[in-house]
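Working notes, beginning with the structure itself.
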Amino acid sequence: MSGIVFAISAGVSFGVFQAVNRRLNQMADVFRVTFALLVVAAAALGVVTASSSAATEVSRAPLRSLLFFAGAGVVHFFFGWTFLGLSQQRIGAGKTGVVIAATPLIGAILASLVLGESLPIVTGIGVLLVVGGVMTLSSGNSDSLGWRRVPWFGLAAAVAWGTSPLLIRWGLEGLQSPLVGVTVGMAAAAACYAVALLTNRNAQRMPIPARAFGWLLLAGLIVSMAIAFQWTAYDLIPVAPAISLMQLSTPVVILVAPLIAGVEMERLTVRLFVGMGSVMTGSILVVLSK
Numbered sequence: 030m031s032g033i034v035f036a037i038s039a040g041v042s043f044g045v046f047q048a049v050n051r052r053l054n055q056m057a058d059v060f061r062v063t064f065a066l067l068v069v070a071a072a073a074l075g076v077v078t079a080s081s082s083a084a085t086e087v088s089r090a091p092l093r094s095l096l097f098f099a100g101a102g103v104v105h106f107f108f109g110w111t112f113l114g115l116s117q118q119r120i121g122a123g124k125t126g127v128v129i130a131a132t133p134l135i136g137a138i139l140a141s142l143v144l145g146e147s148l149p150i151v152t153g154i155g156v157l158l159v160v161g162g163v164m165t166l167s168s169g170n171s172d173s174l175g176w177r178r179v180p181w182f183g184l185a186a187a188v189a190w191g192t193s194p195l196l197i198r199w200g201l202e203g204l205q206s207p208l209v210g211v212t213v214g215m216a217a218a219a220a221c222y223a224v225a226l227l228t229n230r231n232a233q234r235m236p237i238p239a240r241a242f243g244w245l246l247l248a249g250l251i252v253s254m255a256i257a258f259q260w261t262a263y264d265l266i267p268v269a270p271a272i273s274l275m276q277l278s279t280p281v282v283i284l285v286a287p288l289i290a291g292v293e294m295e296r297l298t299v300r301l302f303v304g305m306g307s308v309m310t311g312s313i314l315v316v317l318s319k
């Protein structure tokens, strides 16, 4: 039961984080904001890990687990968070949250392909519902080119977040400490971002404004808590139901984003709710059919 509580807590926390992250992306460059969030969250998690008994497990951790944790961090944070920020700037936090609701579907399919689990007929219905939801959202954009209407960045974030749980579970096989795992993963992602920013001179000329630091600290603390909940849930219950419960982030971000971001892009529309219902229903059907 505790795993379910952790998954629900992660979903709610991620929903609030996405709304705050959208506010941040209105004030600064996506890449620098993402790097700053990684630094804040890694520092917070590092302090918690160092002050807990989990710190002693690092020296006994097999290299294989540490590599899986690092890989999960790069996939989830370096790629996933970047795609999240780019998608929020392009289509808003609400629509991005709906598209990201496809994560459990992607995770279930990848788990089936990698782990050899069977995919029942209900999965096909889920796929159609998710595709229909994404198409509903895409039809609301005003781009003149059809391919630009597809929320590619949101879908890329969903793929990243549907893939990272596999790496997390493999890492936890050798080191059953989600706190250590997420700290290693976050540090690896922050290191990759540091290298990327150092080699991108244009990014270095766009500092984060002082008025964004309060939001940055708030977002970093919220997401570090959410990530700890998430990885703990993966350790306690199967990946598919954990991801499904975390989709509570979708209605949370849809309701909270207009209050925090306050932009036209975040207006609540019928199309938004229809797309949300279709994507989430399809994702849940896949999870329940497992």
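Take the sequence shown: its position 132, counted from the start at 1, is 161 in the working numbering, and no numbers get skipped.
Glycine included, C-beta positions come from ideal geometry on N, C-alpha and C.
Here the structure is a predicted model, which means the values were calculated and not measured.
Comparing alpha-carbon positions, the option among Val45, Gly44, Gly183, Phe46 lying closest to alanine 131 turns out to be Gly183.
Between glycine 191 and isoleucine 135, the beta carbon gap of about 3 Å places them in contact (Cβ cut-off 8 Å).
CA-CA distance, methionine 305 to glycine 162, rounds to 7 Å.
The alpha-carbon of valine 34 is positioned some 18 Å away from that of valine 211. For threonine 298, the number of other beta carbons within 10 angstroms of its own is below 16, and it is reported as exposed. Look at leucine 204 here: in three-state DSSP terms it is coil, with no helix or strand label. The beta carbon of threonine 165 sits closer than 8 Å to the beta carbons of Arg300, Val303, Gly304, Ser307 from its chain, once the five residues preceding and following it are set aside; these are given in chain order.
The beta carbon of phenylalanine 108 sits closer than 6 Å to those of Ala189, all from its chain and outside the five residues before and after it, given in chain order.
From the listed residues Trp244, Leu265, Met254, the smallest Cα separation to glycine 75 is found for Met254.
In the structure shown, serine 116 falls within a helical segment according to DSSP collapsed to helix, strand and coil. Annotated three-state conformation of arginine 89 is coil, per DSSP. Only residues of its own chain outside the window of five on either side were considered, and among them Ile33, Ala36, Ile37, Gly40 have a CB closer than 7 Å to the CB of leucine 274, listed in chain order. Taking C-beta atoms as the reference points, alanine 70 and valine 252 count as a pair closer than 8 Å. Aspartate 264: member of the alpha helix (DSSP H) spanning 242-265, first to last residue.
Here phenylalanine 98 has Leu196, Ile197, Gly200, Leu204, Val209, Gly210, Val211, Val213, Gly214, Ala217 as same chain residues with Cβ atoms under 8 Å from its own Cβ, once five neighbours each way along the sequence are excluded. Sorting Thr125, Asn50, Asn54 by C-alpha distance to the C-alpha of alanine 185 places Thr125 at the top. A distance of 8 Å or more separates the beta carbons of glycine 243 and alanine 73.
Contact between alanine 271 and tyrosine 263 is confirmed by a C-beta separation of about 6 Å, below the 8 Å threshold.
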